[in-house]
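Asks: Handing you a structure now.
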Amino acid sequence: NPSATANSITPDGWFKTGDIAIRDSEGFFTIVDRLKELIKYKGFQVPPADLENVLLTHPDVVDAGVVGVDSVEQATELPRAYVVHRAGYNSFKSQAERDAFG
């Protein structure tokens, strides 16, 4: 969806997650808040923090962030998770998966 993609990326190439971040003197970013907390999924209001907490229960997940993404096809928002795995974690079970997605 070219229109949705264009609306989700700033002119200077940053992806709009809906998070508010600060940049410290060393150039590191820290997420401090969200512009919009709730994901509206098929009439339900889902707090991203609830989904993040579920993801963080997995032993191979170090950090996780969840944002709502508009889905024109489903006429709702869908949760999208960004997950940081522990060092050395390999989620691909086969060489074919590594070739396709790695």
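The working numbering puts the first residue of the sequence shown at 4, with every later residue one more than the last. Beta carbons are placed, not taken as given, at the ideal position from N, Cα and C, and that holds for glycine.
For P82, report the span of its beta strand (DSSP E) as first-last.
Replies: Element bounds for P82: T79 to H88.
Asks: Is the CB-CB distance between G21 and V57 below 8 Å?
Replies: No, these two residues do not count as a Cβ contact at 8 Å.
Asks: Check the DSSP bridge columns for G68 and list the partner residues they point to.
Replies: Answer is Y85.
Asks: DSSP three-state call for S94: helix, strand or coil?
Replies: Looking at S94 - three-state DSSP - the assignment turns out to be coil, as it is neither helix nor strand.
Asks: Helix, strand or coil for T60? Go by DSSP, reduced to three states.
Replies: Looking at T60 - three-state DSSP - the assignment turns out to be coil, as it is neither helix nor strand.
Asks: Straight-line CA distance for K45 to E80?
Replies: Those two C-alpha atoms are separated by around 8 Å.
Asks: Would G21 count as contacting chain C if we go by Cβ distances under 8 Å?
Replies: Within the model displayed, chain C is absent; a lone protein chain is all it includes.
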